[in-house]
Amino acid sequence: MRFLWKGSSAVYIDSGDLRVLIDPASFFSPVELLQLGGPDLILFTHEHSDHFDPDSLEAILTEFDARVICNPGVHRVLRRRFGERVLRIRDGEMLELGARVHALRAVHPGHHPVVLLLEMGGKAIFHGDGSGFSGAFQTFSPVDLAFIPVGSPSPNSSPSEAVRIVRAVV
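Residues 2 to 171 in my numbering are what the sequence shown lists, from first letter to last.
Next comes the structure, spelled out in structure tokens:
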């Protein structure tokens, strides 16, 4: 398994069987994604611009036959543009599209933001969305890998909240 972090919450994960892009905003270009092998699945935790950019996503979806799983806020924006390629995930739900994607409510502003647990390539991977701490995150424990955005741009987890989240999920 390999991953590439591009800043903020933008992460590309390749398990060998499945390639997942999380919160790409405008951090990944279609050309760069082509060099990486392209995404099979694109996930969004919420609709803030450091996580989600509709124009960048349109460029990616023009080049790649990827499916999108997103929180209700992003789904509201994308459902008319991309139809069946876009699935909504809410707090407490799990969807399976090559990987199991679980969602829990994030402690973050937005329209139903979520943190995510991916089960892929025999690994459990937590994506913290920039969320503050919630004891509910312990339901995802134990994870093999955790991405927890800290600091700028605000509001993201503080360093002390990030430590609490790590302790909850590992």
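Glycine included, each C-beta is placed from N, C-alpha and C at the ideal position.
Predicted model, so just to flag it, every value in this text is computed and none were measured.
Tell me whether the stretch 126 to 133 and the stretch 36 to 54 touch, counting them as touching only if at least three CB pairs, one residue from each stretch, are closer than 8 Å.
Cβ pair count under 8 Å is three or more, so yes.
Hey, would you say isoleucine 70 sits closer than 8 Å to leucine 88, going by beta carbons?
Less than 8 Å separates the beta-carbon of isoleucine 70 from that of leucine 88.
Which same chain residues end up closer than 6 Å to methionine 116 when comparing Cβ atoms and leaving out the 5 residues on each side of it in sequence?
In the sequence on display, residue 116 carries valine and not methionine. Counting only Cβ-Cβ distances below 6 Å, and skipping sequence neighbours, we find Leu105, Ala107, Gly129, Asp130, Ser132.
Report yes if the C-beta distance between isoleucine 149 and valine 171 is below 8 Å; otherwise report no.
Going by C-beta atoms, isoleucine 149 is not nearer than 8 Å to valine 171.
Give me the residue from Glu94, Ile23, Asp56 with the minimum Cα distance to arginine 68.
Ranking Glu94, Ile23, Asp56 by Cα distance to arginine 68 puts Ile23 first.
Anyone know if the C-beta pair for asparagine 72 and histidine 113 falls short of 8 Å?
Histidine 113 is positioned such that its CB atom lies closer than 8 Å to that of asparagine 72.
Around the C-beta of valine 12, are 16 or more other C-beta atoms found within 10 angstroms, so that it is buried, or is it exposed?
That one is buried.
Grouping DSSP H, G and I as helix and E and B as strand, with all else coil, what is serine 158?
Collapsing the DSSP output to three states places serine 158 in a strand.
Going by CA-CA distance only, name the one from Ala147, Ala137, Ser135 that's closest to glutamate 120.
Closest by alpha carbon: Ala147.
With a CB to CB cut of under 7 Å and the five nearest residues on each side skipped, what residues in its chain are close to lysine 124?
Here the set comprises Met2, Asp145, Leu146.
Measuring CA to CA, which of Arg91, Leu5, Ile126 is closest to glycine 38?
Checked all of Arg91, Leu5, Ile126; the closest Cα to glycine 38 is Leu5.
Which one of Phe65, Arg77, Ser16, Ser9 has the shortest CA to CA distance from glycine 122?
Glycine 122 has its Cα closest to that of Ser16, out of Phe65, Arg77, Ser16, Ser9.
DSSP three-state assignment for alanine 147, whether helix, strand or coil
Strand, per DSSP.
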